[in-house]
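What follows is one structure encoded as structure tokens, with my remarks underneath.
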Amino acid sequence: MEDLENSRNRQDGMSFLKGFTTARIGIGRTGTSIPVKQSLDFKLAHAHARDAVYSSLEINSLIDSIANFNLPVLCLESKVTDRAEYLQRPDLGRQLSQHSANELAKQVKNFDVSICIADGLSALAVQQNASELLALLIPTLLKDGLTIGPICLIRQARVAVADDVAQSLQAKLALILIGERPGLSSVDSMGAYLTYNPQRGSTDELRNCVSNIRHAGLPAQVAAGKIIYLIREAFRQKKSGVNLKDNQDLFID
1 MEDLENSRNR QDGMSFLKGF TTARIGIGRT GTSIPVKQSL DFKLAHAHAR DAVYSSLEIN
61 SLIDSIANFN LPVLCLESKV TDRAEYLQRP DLGRQLSQHS ANELAKQVKN FDVSICIADG
121 LSALAVQQNA SELLALLIPT LLKDGLTIGP ICLIRQARVA VADDVAQSLQ AKLALILIGE
181 RPGLSSVDSM GAYLTYNPQR GSTDELRNCV SNIRHAGLPA QVAAGKIIYL IREAFRQKKS
241 GVNLKDNQDL FID
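For the sequence shown, the residue numbers in the UniProt record's numbering are 1 to 253.
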């Protein structure tokens, strides 16, 4: 009985911290086991994560949400044929299908920035966060005098597909918004990856990433500020990835 009371006290003592994070803290215990409620919560979170991985990109609603940007929108796909293959063959998710490559070949070339939106490992994340972030990014990029290519919506895609798109459009910088691997407390987390001078076959050290973009994580306004800073610095220094650091918070006004 004393152990049970101590366990409850420890759990209650951490309850105030739960207001600052969605992480699984203060779970407590019943004897040597996890309490039933927390055990069921864990299974529910795992089910939500699986659902997010298998969620589909709702192209029409996404097109409607970005229509006011007055930019052409292209619907593309990778070489992946289904979700099972997507999970087993990440290499195919990095390449555009032949049909999509042909569509890109017809487009006007030579832009400063190429923007892609991809389902990745959580279409839910993109559906909930992409348009809000772009509403903050696109006006600023245009105000900076940068030209933006057509917004490419890509199904069954991995991060590196943005390099394929950007090289086809002859863009100087690739930006992709993509659903991140769901966690047990974050099924709607979106990542933004940018690459200066993108080339097919570029590897991860050449990219910068702004991660965990969602309402319960990094807010869109903060994420947009970081992305804009990195894009401006990428064009100024003509590089990205490990050679380009996010130093904006190191300076005092």
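Positions of the beta carbon are idealized from the N, C-alpha and C atoms, including for glycine.
Residue i at chain E interface by Cβ criterion, 9 Å
i, result
"asparagine 60", "Looking at the structure shown, chain E is missing, and only one protein chain is on hand."
Buried versus exposed, by CB contacts within 10 Å (16 or more), residue i
i, result
"asparagine 9", "For asparagine 9, the predicted structure reports a pLDDT of 48, less than 50, and the residue's modelled location is therefore unreliable. A value from the coordinates is still provided. Result: exposed."
"aspartate 188", "buried"
"residue 254", "A query on residue 254 cannot be resolved here, the shown segment of the chain reaching from 1 to 253 and no further."
"arginine 207", "buried"
"glutamine 88", "exposed"
"isoleucine 148", "buried"
"threonine 195", "buried"
"arginine 236", "exposed"
Beta-carbon proximity check, residue i vs residue j, cutoff 9 Å
i, j, result
"alanine 224", "leucine 136", "yes"
"leucine 146", "valine 108", "no"
"arginine 94", "alanine 157", "yes"
Opposing strand residues paired with residue i [DSSP bridges]
i, result
"alanine 234", "DSSP lists no partner for alanine 234."
"alanine 105", "Answer is none; alanine 105 lacks a bridge partner."
Chain-order list of residues whose beta-carbon lies under 8 Å from that of residue i (same chain, five-residue window excluded)
i, result
"serine 15", "Gly26"
"histidine 99", "Glu77"
"arginine 214", "Ala125, Gln128, Asn129, Ser186, Asp188, Ser189 and Met190"
"methionine 1", "Summary for methionine 1: the model assigns pLDDT 46, below 50, so the residue's position carries little reliability, and this model does not support an answer."
Own chain residues within Cβ distance below 7 Å of residue i, not counting five before or after
i, result
"cysteine 75", "Ile59 and Leu153"
"alanine 123", "Ser55, Ser56, Leu57 and Gly179"
"isoleucine 66", "Val73, Ser131, Leu134 and Ile151"
"asparagine 197", "Lys172"
"isoleucine 34", "Ile27"
6 Å CB neighbourhood of residue i in its chain, flanking five on each side removed
i, result
"serine 211", "Gly191"
"leucine 218", "Asn212"
"alanine 162", "Cys116, Ala174 and Ile176"
Q) Taking contact to mean at least 3 C-beta pairs separated by less than 8 Å, is the stretch 157-167 in contact with the stretch 224-244? A) When Cβ pairs closer than 8 Å are counted between the two stretches, the stretch 157-167 is seen not to touch the stretch 224-244, the count staying below three.
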